[in-house]
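Novice: I have a structure I would like to understand better, so I am pasting it below and will then ask my questions one at a time.
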Ligand SMILES: [Zn+2]
Ligand SMILES: [Zn+2]
Ligand SMILES: [Zn+2]
Ligand SMILES: [Zn+2]
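Next comes the structure, spelled out in structure tokens:
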């Protein structure tokens, strides 16, 4: 009984990760959205290689001009292991028809409905968009502004009610590992 349950859980996890990878692959192939692997010190790290840049705009330029053909393969190796993807969606466009899209969800619906790409809408969303069009760090969902990227990054958790901490009220996390980090640092678990 126990063994059977374990096997089912494992299968579910694999397929959800596969669906997630397909979604992110379509977004990266068919739009000008670019991944941010992480922030290292005061720099933004490329989602595909080890280069780092001082501003999101420099990173985006680098990604769009350097990684034209090797996008999905590089991404599989680099940032998907964490199962959460940070995307720069500034001036978001569909590369197949040049349509301008305001939000990441608009792009996903656009690719699914206009270009028949098989998006998986029924999985937990682990893709977090950032728009750097204004000089302030601004949330794409509620337009709240922050001074530094790290604060905005942490704020985004509240828009992704994927995992919650049962020891705190109304504390949400995009993915399991962020929740575990929280439990470790705040509750010493
Ligand atoms: Zn790169
Ligand atoms: Zn299009
Ligand atoms: Zn917000
Ligand atoms: Zn907690």
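Numbering (the UniProt record's numbering), first residue to last: 1 to 189.
We treat Cβ as the ideally placed atom computed from N, Cα and C, and that holds for glycine.
(1) Report the option in 149, 88 and 145 whose CA atom is closest to the CA atom of residue 43.
(2) Taking the straight line between their C-alpha atoms, what separation do you get for residue 62 and residue 132?
(3) Are the Cβ atoms of residue 49 and residue 67 separated by less than 9 Å?
(4) Measuring alpha carbon to alpha carbon, tell me which of 138, 140, 188 and 69 ends up nearest residue 167.
(5) Mind listing which residues have their beta carbon within less than 7 Å of any non-hydrogen atom of ligand 1? Chain order is fine.
(6) What does the Cβ neighbour count give for residue 86, buried or exposed, with the cut at 16 atoms within 10 Å?
(7) Is any heavy atom of ligand 4 found at a distance shorter than 8 Å from the C-beta of residue 134?
(8) Any heavy atom of ligand 5 within a distance shorter than 8 Å of the CB on residue 28?
(9) Taking residue 88 as part of the beta strand (DSSP E), name the residues at either end of that continuous run.
(10) Please classify residue 172: does DSSP put it in a helix, a strand, or coil?
(11) Rounded to the nearest angstrom, what separates residue 19 and residue 171 at their Cα positions?
(12) Take residue 154 as the anchor and find which of 136, 134, 128 and 135 has the nearest alpha-carbon.
(13) Which residues mark the beginning and the end of the alpha helix (DSSP H) in which residue 65 is found?
(14) Within 10 angstroms of its Cβ, does residue 88 collect 16 or more other Cβ (buried), or is it exposed?
(15) Kindly confirm or deny that the segment 179 to 187 and the segment 108 to 117 touch, where touching means at least three C-beta pairs closer than 8 Å.
(16) When DSSP labels each residue in this structure, what does residue 179 get in the three-state scheme?
(17) Under DSSP, the beta strand (DSSP E) around residue 43 begins and ends at which residues?
Specialist: Looking at the atomic coordinates:
(1) 149
(2) 15 Å
(3) yes
(4) 188
(5) 46, 48, 49, 51, 62, 63, 66 and 67
(6) buried
(7) For ligand 4, not one heavy atom lies less than 8 Å from the Cβ of residue 134.
(8) You won't find ligand 5 in this model; what it holds is ligand 1, ligand 2, ligand 3 and ligand 4.
(9) 85 to 88
(10) strand
(11) 26 Å
(12) 128
(13) Per DSSP, the unbroken alpha helix (DSSP H) holding residue 65 starts and ends at 56 to 66.
(14) buried
(15) no
(16) helix
(17) 43 to 46
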